[in-house]
Amino acid sequence: MTTPHGRDSAGPATGSQPQVRSGTTSARGGSESERPTAWLWIQMMLDSVAWIAAMGVALVLRYELSIQFINVSSLLAACLIAVVAQIAVGYSFALYRGRYSYGSFDEGKLLIVVTLIVTAILQIVLLVAGSTIGIPRSVALIAFPFAALFMAAFRYLKRMYQESTSKPQANAQHVVIYGAGQSGTFIVQRMMQDPDSEYLPVALLDDDPSKKHLRVSSVPVLGTIADAPAVLAQTRSSILLVAQSNASSKLMQRVSDVVAGTNTRVMTVPPVRDMLTGSGTSVDIRDISLEDLIGRIPVDIDAAGIADYITGKRVLVTGAGGSIGSELCRQLLAFDPAELMMLDRDETNLQATQISITGRGLLDGQDTVLADIRDAQNLATIFERRRPQVVFHAAALKHVSLLETYPDEAWKTNVLGTLNVLAAARAADVDVFVNVSTDKAANPTTALGHSKRVAEKLTAWMARETGKRYASVRFGNVFGSRGSMLPLFTEQIRQGGPITVTHEDATRYFMTIPEACQLVVQAGAIASGGEVLILDMGEPVRILDVAKRLRSLSGQEGIEIVITGLRPGEKLHEDLIGMDESDARPFHPKISHAQVRALSPSNLDRHVWKERGGMTLTGAIPVVGPSTQPALTQFHGAREIPKRQQGGGSTASKGQGPGEHRAVQRPDDQEATDQGTSGHGTSRHRAENAEGQAS
Numbered sequence: 001m002t003t004p005h006g007r008d009s010a011g012p013a014t015g016s017q018p019q020v021r022s023g024t025t026s027a028r029g030g031s032e033s034e035r036p037t038a039w040l041w042i043q044m045m046l047d048s049v050a051w052i053a054a055m056g057v058a059l060v061l062r063y064e065l066s067i068q069f070i071n072v073s074s075l076l077a078a079c080l081i082a083v084v085a086q087i088a089v090g091y092s093f094a095l096y097r098g099r100y101s102y103g104s105f106d107e108g109k110l111l112i113v114v115t116l117i118v119t120a121i122l123q124i125v126l127l128v129a130g131s132t133i134g135i136p137r138s139v140a141l142i143a144f145p146f147a148a149l150f151m152a153a154f155r156y157l158k159r160m161y162q163e164s165t166s167k168p169q170a171n172a173q174h175v176v177i178y179g180a181g182q183s184g185t186f187i188v189q190r191m192m193q194d195p196d197s198e199y200l201p202v203a204l205l206d207d208d209p210s211k212k213h214l215r216v217s218s219v220p221v222l223g224t225i226a227d228a229p230a231v232l233a234q235t236r237s238s239i240l241l242v243a244q245s246n247a248s249s250k251l252m253q254r255v256s257d258v259v260a261g262t263n264t265r266v267m268t269v270p271p272v273r274d275m276l277t278g279s280g281t282s283v284d285i286r287d288i289s290l291e292d293l294i295g296r297i298p299v300d301i302d303a304a305g306i307a308d309y310i311t312g313k314r315v316l317v318t319g320a321g322g323s324i325g326s327e328l329c330r331q332l333l334a335f336d337p338a339e340l341m342m343l344d345r346d347e348t349n350l351q352a353t354q355i356s357i358t359g360r361g362l363l364d365g366q367d368t369v370l371a372d373i374r375d376a377q378n379l380a381t382i383f384e385r386r387r388p389q390v391v392f393h394a395a396a397l398k399h400v401s402l403l404e405t406y407p408d409e410a411w412k413t414n415v416l417g418t419l420n421v422l423a424a425a426r427a428a429d430v431d432v433f434v435n436v437s438t439d440k441a442a443n444p445t446t447a448l449g450h451s452k453r454v455a456e457k458l459t460a461w462m463a464r465e466t467g468k469r470y471a472s473v474r475f476g477n478v479f480g481s482r483g484s485m486l487p488l489f490t491e492q493i494r495q496g497g498p499i500t501v502t503h504e505d506a507t508r509y510f511m512t513i514p515e516a517c518q519l520v521v522q523a524g525a526i527a528s529g530g531e532v533l534i535l536d537m538g539e540p541v542r543i544l545d546v547a548k549r550l551r552s553l554s555g556q557e558g559i560e561i562v563i564t565g566l567r568p569g570e571k572l573h574e575d576l577i578g579m580d581e582s583d584a585r586p587f588h589p590k591i592s593h594a595q596v597r598a599l600s601p602s603n604l605d606r607h608v609w610k611e612r613g614g615m616t617l618t619g620a621i622p623v624v625g626p627s628t629q630p631a632l633t634q635f636h637g638a639r640e641i642p643k644r645q646q647g648g649g650s651t652a653s654k655g656q657g658p659g660e661h662r663a664v665q666r667p668d669d670q671e672a673t674d675q676g677t678s679g680h681g682t683s684r685h686r687a688e689n690a691e692g693q694a695s
């Protein structure tokens, strides 16, 4: 796919940052910054004064402090030669054209070279005409070190003045920086050059003993990370900034443990290569995240296998505006599809995804498709017209608590919407279909879990019907997903608490969004039709520990953590693999393959689905969608009691009151109720999060 890189005419793309500029080139080919500015003219004058002073000192020393032997006219003539030579050579070597950072080592080295050349010129003149003008031939050599010293001193004083006026204000927050290497040095220098910075570095920590007492831009190294509590107290700092690129989770945990109980806010920075793309002199620092503490090892992917089914193909992603869908689009582009179609019903999120990928948000290209997966006929038209060859289905409703209140919405979007996409994919002869699922589908106990479980079974049925690679991918909570637990905790901390946790022992699995998307993309390469692929997500994390870590890292140890108690049916521990599923890993050591029982759309029954999950029936909802599929046009949900049950049929429940109905299980419909057997009646939970879906 060819992606445009032009900017939206309305303005720069969201999140883009201007680059640091080293000089503006004029239309006439010269660099405007190389022309002497007012300060450079002043510097020429100061360098001239330096040579005049150096020549005077040299003559006094040459005559052993007997100033009566000095011929003022001869001295002025020699000084004039030195000054002219200094200006000519200095300008020729760009010393006075602003090419080098003022007072830098680069300028210092150039200054020595220029001074040596001027000394050589002056020495030649004195050798030839020294006796004529009355200046000893050794004066040039004696003057050289003094001239260099005086010129360097002027530059040093100027740099000292600049640094004193450009560093953060006195009311800036004191920061102790852990790491005196490349990243730490870079951060200190950037902060000290930003008068608007809200952070003032006051000390450095480093585990290398040889760096103790080292100073970086006048900021001292005062110890190792073990000394952090004492150094923080000594410098009256409330922030510890970890300045180590790609720090391991073990290191982050160690830092967190060291400062625990000190009300210290722990922050970190991106790698130096990322900071170099920032604007001005600001440093993009952020609070340390749970992802930094837990850490994830990216899944090794079979790039060649992925390229085989993505490169040169027409690829469509539903839910492209969501957390997972947008990252899928970004990763898929790396494999050079012939066309990438991003489908979502939310125009704002769709635009954000387009901007993040192409740098433009006009929404006027063929890459964005505004559509709702509930609209079966529209989906069928889109698929027929665009003819995708590979489909990633990430569109879904994902919030557990909300779907517990409105289970019909889970049915309409996660069940019927998925069926609509599957039907459109079959009609368009799609070769590969990857359904994004969730760990809530393993032994489901919520409306979300049941709906995603049915979606997995429908995908398996379609794989059997088409004989093609239609599979699902299941994973747990992801870092950074909108509306997930971690942003909730962060917001509760920001508001001063309390932090709410349902149970002291509740655990959840976590992974990064890029890692989750790697699995999703990999699934299309290694899955067999009808399978569910599950990532080995390591050990589950205790939610109470997460809350404590985030509270500690925020520097607000006083915030209360409230245990609210498990809500009805809520699980203490999530499952990744269902009770009736195997854990085979034939292709990848960290990816399990499980078989899912296929569920025919003709056997779908909303009453069975909701009753087995303990959900309340509300109104008449169609079971399935696409009118292009005659077998899928029944509206079982529109009738509360099948006619064959009326009149006290044997299958009707005895003694049911008004409005109470029992769904009928047809003889050929064992799978229609299988999705609810692990729900244990009304034993449903309201998990705090349902990650893995893009709205």
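Residues in the sequence shown are numbered from 1 upward in steps of one, following the UniProt record's numbering. By construction, the Cβ of each residue, glycine as well, lies at the ideal position given by its N, Cα and C atoms. Computed from a prediction, not measured in an experiment: that's the story for all the values here.
For H399, which of helix, strand or coil comes out of DSSP? In this structure, H399 counts as coil in the three-state DSSP scheme.
For my contact list, A394 and S451 are in at a C-beta cut-off of 8 Å; report their separation, rounded to the angstrom. 15 Å between Cβ atoms; not a contact.
So if DSSP puts P201 in a beta bridge, which residue, or which two residues, is it bridged to? When beta bridges are read from the DSSP output, P201 appears opposite V175.
Under a three-way DSSP split, which group does T318 fall into? DSSP, read as helix, strand or coil, puts T318 in strand.
What residue from Y509, G467, D505 has the CA that sits closest to S484's CA? Of Y509, G467, D505, the residue nearest in Cα terms is Y509.
On the three-pair Cβ rule with 8 Å, is the stretch 597–606 touching the stretch 447–467? Output reads yes: the stretch 447–467 touches the stretch 597–606.
When the distance is taken between beta carbons, is S437 closer than 9 Å to F475? One thing to note: F475 has its Cβ within 9 Å of the Cβ of S437.
Runs of 3 residues minimum, wholly inside the stretch 475–550: which ones carry the beta strand (DSSP E) assignment? Here the runs fully enclosed are 499–501, 531–535.
Closest residue to Q234 among G261, H174, N246 (Cα-Cα distance): Nearest option by C-alpha distance: H174.
So what does L340 bridge to, in DSSP terms? Note: L340 sits in a beta bridge opposite V315.
Start and end of the alpha helix (DSSP H) containing residue 697? Nothing can be reported for residue 697, as the shown portion of the chain is limited to 1 through 695.
Relative to the ligand ATP, is the shortest distance from any of its heavy atoms to the C-beta of N477 smaller than 8 Å? Absence of the ligand ATP from the depicted structure is noted, as is the absence of any ligand whatsoever, leaving it without description.
Taking only three categories from DSSP, how would you classify Y63? Here Y63 sits in coil by DSSP.
Name the two residues that bound the continuous beta strand (DSSP E) containing F392. That run of the beta strand (DSSP E) goes 390–393.
Alpha carbon to alpha carbon, how far is S472 from P514? Give it in angstroms, no decimals. For P514 and S472, the distance between alpha carbons rounds to 17 Å.
Note down the Cα distance separating P630 from A423, rounded to an integer number of angstroms. Confidence at P630 is low in this model, with a pLDDT of 35, below 50, so its placement is unreliable and the value that follows should be read with caution. Distance between the alpha carbons of P630 and A423 is about 11 Å.
Alpha helix (DSSP H) runs contained entirely in the stretch 323–377, provided each spans 4 or more residues: Within the stretch 323–377, the complete alpha helix (DSSP H) runs of at least 4 residues fall at 323–333, 347–358.
Out of D206, R190, S74, A50, which has the shortest C-alpha to C-alpha gap to A153? The alpha carbon of A153 has as its nearest neighbour, out of D206, R190, S74, A50, the alpha carbon of A50.
In whole angstroms, what separates the C-alpha of A140 from that of L214? The straight-line gap from Cα to Cα measures roughly 38 Å.
On the DSSP bridge list, what partners appear for N263? Answer is none; N263 lacks a bridge partner.
Give the DSSP bridge partners of T268, in chain order. For T268, the pairing in a beta bridge is given by DSSP as V242, R286.
Under 9 Å, do V176 and L240 count as touching if we go by C-beta distance? Yes, the pair counts as a contact, with Cβ atoms nearer than the cut-off.
Can you list, in chain order, the residues of its chain with a C-beta nearer than 7 Å to that of S138? Leave out the 5 residues immediately preceding and following it. Excluding residues up to 5 positions away in sequence, R62 lie with their Cβ nearer than 7 Å to the Cβ of S138 in the same chain.
Assigned exposure category for I355 - 16 Cβ within 10 Å defines buried: With 16 or more other Cβ atoms within 10 Å, it is buried.
Label I563 either buried or exposed according to how many other C-beta atoms from any shown protein chain fall within 10 Å of its C-beta, with 16 as the threshold for buried. Burial call: exposed.
Please state the DSSP three-state secondary structure of P220. DSSP places P220 in the strand class (E or B) of the three-state scheme.
What residue does the beta strand (DSSP E) around V84 start on, and which one ends it? Per DSSP, V84 lies in no beta strand (DSSP E); the unbroken alpha helix (DSSP H) holding it starts and ends at 72–92.
Am I right that M342 and T353 are in contact with their C-beta atoms under 8 Å? What's the rounded C-beta distance? Their Cβ separation, rounded to whole angstroms, is 6 Å, which keeps M342 and T353 in contact under 8 Å.
What residue range does the beta strand (DSSP E) around F69 cover? Taken as a continuous stretch (DSSP letters only), F69 belongs to no beta strand (DSSP E), as it is neither H nor E.
Identify every residue that forms a DSSP beta bridge with V114. For V114, DSSP assigns no beta-bridge partner whatsoever.
By Cβ distance, which residues of its chain are closer than 6 Å to L363, with the 5 residues on each side in sequence left out? Contacts found: Q351.
I563 in three-state terms, based on DSSP: For I563, the secondary structure class from DSSP, reduced to helix, strand or coil, is strand.
Given 8 Å as the limit, is there contact between the stretch 150–170 and the stretch 193–205, that is, 3 or more CB pairs closer than that? Put simply, the stretch 150–170 touches the stretch 193–205. At least three CB pairs are less than 8 Å apart.
Using DSSP with H/G/I as helix, E/B as strand and the rest coil, what is N603? Helix, per DSSP.
From A525 to Q162, what distance separates their C-alpha atoms? If I take the Cα positions, the gap works out to 58 Å.
For V49, the three-state DSSP class (helix, strand or coil): In the structure shown, V49 sits in a helix (DSSP, three-state: H, G or I).
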